[in-house]
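Below is one structure, written out as structure tokens, with a few remarks after it.
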Amino acid sequence: MAIAETSDIDPSTTGSQIESFSYDDDIVRKFATATLFWGVVATVVGLLVAVILVLPTMFETVPYFSFGRLRPLHTNAAIFAFAGNAIFCAVYYSTQRLCKARMWSDALSRLHFWGWQLIIVAAAVTLPLGITQSKEYAELEWPIDLAIAVVWLGFFGVNFMMTLIKRRERHMYVALWFYIATIVTVTVLHIFNNLVWPIGWGKSYPIYAGVQDAFMQWWYGHNAVAFFLTTPFLGLMYYFLPKAANRPVFSYKLSIIHFWSLVFIYIWAGPHHLHYTALPEWASSLGMLFSLMLWMPSWGGMINGLLTLRGAWHKVTVDPVLKFFVVGVTFYGMATFEGPMLSIKSVNGLSHYTDWTIAHVHSGALGWNGMMTFGMIYWLMPRIFQTKLWSEKLASLHFWIGTIGILLYIIPIYAAGLTQGLMWRAMDSSGNLQNPEFIDVIAKIMPMWYLRVVGGALFVFGILLMAVNYVMTWKMRPATYEVPVYQAARLSKTPPADTVKEVSDLEPVPVLNAAKRLDVWSRMNWHRRWERLPVRFTVLTTLAVVIASLFEIVPTFLIRSNVPTIATVKPYTPLELAGRDIYVSEGCYNCHSQMVRPMVAETKRYGEYSKPGEFIYDHPFQWGSRRIGPDLAREGGKQSSFWHWEHFEEPQRLNEHSVMPSYAHLLDTKINFKRIPDRVHAAHMLGAPYDRELTEAVEMAKQQAVAVAADIVSQGGTIRRGDVMTLDSQAVALIAYIQRLGTDIFAPPEPTAEELAAAAAELDAAAPESATPETE
Amino acid sequence: MLKDVLRAIDYSDCAEAALLLFLFAFGLMLVSTFRLSANATNKFASIPLSDKVQDPRHE
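In order, the protein sequences belong to chains A and B. Numbering-wise, the first sequence is residues 1 to 776 according to the numbering used here. Numbering-wise, the second sequence is residues 1001 to 1059 according to the numbering used here.
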């Protein structure tokens, strides 16, 4: 039902024709419902993976539900399904009202909605099937990546930009700036981190290798947090918090500084994810420096948010929406203090690979993104369903259960992370590791993992309460929604003249003309004009992000000294390539790193520290970001092939406290030898210097498989399991890959041409002397 | 060839240039923000509070 909302606009003063318009709240309802649905899914899968860690044998016969496959599903669902739909919900509601205009195209809005849901479903299907690129938060394979690009930029980006261009409010409110930064930066990140060489619909290899791949991934990974989980939620905060408090934002100037600081600084900070790795030192230091600089603007934003509630704190005690917002903004402050702290190298040396990072991430995701989303949806419910909220008490209960759930989750996991970091590095007085057995650390933190399950369950329960409230409120909706119709004139192309003062106050003062011009210029009217021009504003934001990125990326890729080559490092054999793909597909990187840092405790535990030149054939890199299991960078040759065979079959048989699930299905599944030439050709295309491998990949793979299988059988393994011969099993390929890990660096160097020539000359010189007596 | 040229460049200068660029742009933004009049910022800050079209809709 259309309701006319008249305005006091006099067309004669604007010189434009009056237009009628209404806001599209149907799309907001769609995204709000999707947010809630995927919020339940993401947190239930999160709870499931938390349970799998304490009960690793729960799904041992179902490979689709292993931790390595489900964890990416959880992270993708939380980021792109739950937070993603929340962002779109916020953008579609607030943009229309801030622009005083309906979204430019209803069709694009719907294409965006359904396209995004389809992408999420595709992710939910492919990730458990082991179809993955293995790059954290960028696991989805290239056809889905293409769909993301089309939906994000083609549908959402175009619709948003056109709405800005057609807006009826002269000034673009700061929330819109945050949305612009989100759209352009995520596009840039997504495209450049996902440049791959496909060999099929479900398999591709990144064009980058090793150090460079790691650098690109964490440039993306960190900024996915920045521009997907931070800037759009700040836009949300700057719109919905003033709305809920019914007060303007505390300091608009601070919000502008907050915006530009994040755009300028965030993009540089990615390398702090790679401290003490084989990444060049300069990049690592740069990442740390800019991460530390992020602290101030982030806290400026937090303070701005909290002070917006000045004079309204009494409302916080009774309004569940404000309660969610206050806790959300507080968690933003905590997470953005902790992030810079974790980027300090010495702190990172302790925290990296431990559960500390997991606690930090969940403090941000549950506390900041979760609470802000819940606050927004509770605020929206009565408005989009045009009725009362069904139960404020239930909303308050959700708030308390959710808050307690977050605390019960993060506090034990902080403790677990510190325990891991300290136990891994603890040395006794004789200079040996106090805890040489990795599994001892796992046994120690197990009680904390149980507590995490309780905290996670509470958080899930809170969302379910919200779902009940949502459905019940929806049921109370009117038979037909009212659609207020507004009237306004289009904006004139030029702003009213009185807003642009181009005459200096220094005119009557006897100073140089240059000073007068400087006075006019420094009024920044030119910048004010930019703020009104969405396309130019977008281009400038993109430039800020791209230039900063290039200053880091170009040297990393072009300076040879960043990745010194090692003569003995050779490309993987065809069978090892197949094994590596299984490693990627099973998501082994979710629990095992492949990066020995140059620290005494690490080299004592794992062996020689990793060098950049060791990873030049790694497409994608497999350094990982946490250690639920030990590092595997030097795993080659540490255990026998039969040990690995048994370990895959039943890890608990070899170590009763192991939390690794059974990979018996790899023993029972045949290698697809026919696909191996594709893998070899792709590796060759990306730089591996293959020769015979290009024509005899299958034969070479089979020969190596026979050798590995013979090794296994000679040590007590069976010749076949059911219908599958050991030499045909996927486990053999994976074992071949694992036995190669970290061994090249110790291989004797092949003699150079000069050395061969010298050796031949020496032989020639020696031969006549030895031969002479006989001939004589 | 482009690769060789880029590789021949001394990137230590570029790092300093980047820092100067950053400081310049950041400084510009700070000056611009602090020169905003209280009247303008109050007006901008109250944009989200009303869904109705304000007229005149300029600063």
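For every residue, glycine included, the Cβ atom is placed at its ideal position computed from N, Cα and C.
Residue i at chain A interface by Cβ criterion, 8 angstroms
| i | result |
| --- | --- |
| B/F1024 | no |
| B/L1020 | no |
Neighbour flag for residue i against chain B, beta carbons, 8 angstroms
| i | result |
| --- | --- |
| A/E482 | no |
| A/Y353 | no |
| A/I256 | yes |
| A/Y173 | yes |
| A/Y208 | no |
| A/R97 | yes |
| A/K388 | no |
| A/K253 | yes |
| A/P248 | yes |
| A/P242 | yes |
| A/W521 | no |
| A/E19 | no |
| A/W379 | no |
| A/Y179 | no |
| A/E169 | yes |
| A/W295 | no |
| A/Y606 | no |
| A/M260 | Residue identity check: residue 260 of chain A is Trp in the sequence provided, not Met. Yes, A/W260 lies at the interface with chain B (some Cβ there is under 8 angstroms from its Cβ). |
| A/Y239 | yes |
| A/Y486 | yes |
8 angstroms Cβ shell around residue i - same chain, five flanking residues per side excluded
| i | result |
| --- | --- |
| A/I207 | L195, V196, W197, H619 and L686 |
| A/P612 | G210, V211, A278, L279, P280, N562, V563 and P564 |
| A/L36 | I377, I463, M466, A467 and Y470 |
| A/A759 | P751 |
| A/D711 | S640, S641 and F642 |
| A/P382 | K388, L389 and T473 |
| A/L741 | Q594, L632, A633, R634, E635 and G636 |
| A/L654 | W643, E646 and H647 |
Buried/exposed call for residue i, threshold 16 Cβ in 10 Å
| i | result |
| --- | --- |
| A/R310 | exposed |
| A/N369 | buried |
| A/P72 | buried |
| A/D319 | buried |
| A/W177 | buried |
| A/V600 | exposed |
| A/I719 | exposed |
| A/K203 | buried |
| A/R477 | exposed |
| A/W536 | The displayed chain sequence assigns Arg, not Trp, to residue 536 of chain A. The residue in question, A/R536, is exposed, as its Cβ has fewer than 16 Cβ neighbours within 10 Å. |
| A/V453 | buried |
| A/G797 | The displayed coordinates of chain A run from 1 to 776. Any statement about residue 797 of chain A would go beyond what the structure contains. |
| A/E576 | buried |
| A/D723 | exposed |
| A/N348 | buried |
| A/A771 | Low confidence applies here, because A/A771 scores a pLDDT of 48, under 50, leaving its location unreliable; read the following figure in that light. The residue is exposed, with fewer than 16 neighbouring Cβ atoms inside 10 Å. |
Sequence-distant residues of its chain with Cβ nearer than 6 angstroms to residue i (five each side left out)
| i | result |
| --- | --- |
| A/E602 | V596 |
| A/F88 | F31 |
| A/A123 | N76 and L140 |
| A/K638 | none |
Residue i CB to nearest heavy atom of the ligand COA below 7 angstroms
| i | result |
| --- | --- |
| A/K444 | The ligand COA is not part of this structure, which contains no ligands at all. |
7 angstroms CB neighbourhood of residue i in its chain, flanking five on each side removed
| i | result |
| --- | --- |
| A/P571 | Y617, A683, A688, P689 and Y690 |
| A/F659 | A quick correction: the sequence has Val, not Phe, at residue 659 of chain A. Here the set comprises L53, P56, I442 and I628. |
| A/G333 | W299 and M302 |
Contact list for the region 263–283 of chain A against chain B, Cβ threshold 9 angstroms: F264, I265, W268 and W282
Within the region 93–176 of chain A, ranges of the beta strand (DSSP E) (whole runs, at least 3 residues): none
Unbroken stretches of the alpha helix (DSSP H), 4 residues or longer, contained in the region 370–413 of chain A: 371–384
Unbroken stretches of the alpha helix (DSSP H), 4 residues or longer, contained in the region 410–450 of chain A: none
Residues from the region 530–551 of chain A in contact with chain B, defined by Cβ distance under 9 angstroms: Residues A544, I547, A548 and F551.
Length at least 3, wholly inside the region 175–249 of chain A: the beta strand (DSSP E) runs in chain order: 196–200 and 203–206
Contact residues within the region 304–327 of chain A, judged by C-beta distance below 8 angstroms to chain B: none
Length at least 4, wholly inside the region 624–692 of chain A: the alpha helix (DSSP H) runs in chain order: 641–649, 651–654, 664–667 and 676–685
Short-range partners of chain B found in the region 24–35 of chain A, where Cβ spacing is below 9 angstroms: none
Where the region 85–111 of chain A meets chain B: residues whose CB sits under 8 angstroms from a CB there: S94, R97, L98 and K100
Chain-ordered residues of the region 214–230 of chain A with a beta carbon less than 7 angstroms from chain B: none
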